[in-house]
Amino acid sequence: MRIGIPKERLPNETRVAATPKTVEQLLKLGFSVAIESGAGQLASFDDNAFAQAGADIVDGNAVWQSEIILKVNAPEEDEIALLNPGTTLVSFIWPAQNSGLMEKLAERKVTVMAMDSVPRISRAQSLDALSSMANIAGYRAIVEAAHEFGRFFTGQITAAGKVPPAKVMVIGAGVAGLAAIGAANSLGGDCPRV
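The UniProt record's numbering puts the first residue of the sequence shown at 1, with every later residue one more than the last.
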């Protein structure tokens, strides 16, 4: 069975649905893997890295002939037309918000596994890509805030006087919020848990 990984087409999208390490693991499980040329470029994985891992580097049309498609974002109109009946699509779909998309995929007889609908339970933790990305988003939010802040996050005592630590307020205590609180405290900011 062949797994296809197309290039993401949304502007500013740097993610790819698999890494060379993932390709190696899929090959060990008995799958063959086809990846669209340039799919991993913005994620710092060139075609050579995927080829060394064992993936076939193919063009944009050939990748859609695979039985299973791994994709970060939901397919666009022109991509839906490339899906063969019986294909399994594994992607972030947001089915409750995208009923029209779900209808189009059903018309094409595509089986959809919505990664955003994986429950946050212990048994499904290894499939919980949404929490992993939220964790990164929370951390990145604090790194970006620290960059814009204009001084050190941590307090300092110098010969010229005392500088208090940055006061950080994080709204929300989900996965992203907890990651942001942890990152802010690690950088020396004053970020109380409420």
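Positions of the beta carbon are idealized from the N, C-alpha and C atoms, including for glycine. Remember, predicted model here, so these are calculated numbers, not experimental data.
So, with DSSP's three-state summary, where would you put ARG140?
Numbered from 1 along the sequence shown, position 140 holds the residue referred to as residue 140. DSSP places ARG140 in helix when its eight states are reduced to three.
Name the residue from MET113, THR111, ASP128, VAL112 whose alpha carbon lies nearest to the alpha carbon of PRO119.
By one-based count along the sequence shown, residue 119 stands at place 119. Of the candidates MET113, THR111, ASP128, VAL112, the one whose C-alpha sits nearest the C-alpha of PRO119 is ASP128.
Are the beta-carbon atoms of ALA74 and ILE93 separated by less than 7 Å?
Taking the sequence shown and counting its residues from 1, one reaches residue 74 at position 74. Taking the sequence shown and counting its residues from 1, one reaches residue 93 at position 93. In contact: ALA74 and ILE93 (Cβ atoms closer than 7 Å).
Alpha-carbon to alpha-carbon, GLU8 and THR14
On the sequence shown, position 14 is the one that residue 14 refers to. On the sequence shown, position 8 is the one that residue 8 refers to. Separation of THR14 and GLU8 (C-alpha to C-alpha, rounded to the nearest whole angstrom) is 8 Å.
Tell me which residues share the same chain as GLY60 and place their Cβ nearer than 6 Å to its Cβ, disregarding the 5 neighbours each side in the sequence.
One-based indexing of the sequence shown puts residue 60 at position 60. Within the same chain, GLY60 has close Cβ partners GLU36.
Coil, strand or helix - THR22 by DSSP
Position 22 of the sequence shown, counted from the first residue, corresponds to residue 22. When secondary structure is reduced to three states using DSSP, THR22 falls in the helix class.
Please list, in chain order, all residues of the same chain as ASP116 whose beta carbon is under 6 Å from its beta carbon, the five residues on each side excluded.
Indexing the sequence shown from 1 puts residue 116 at position 116. PHE92, TRP94, LEU130.
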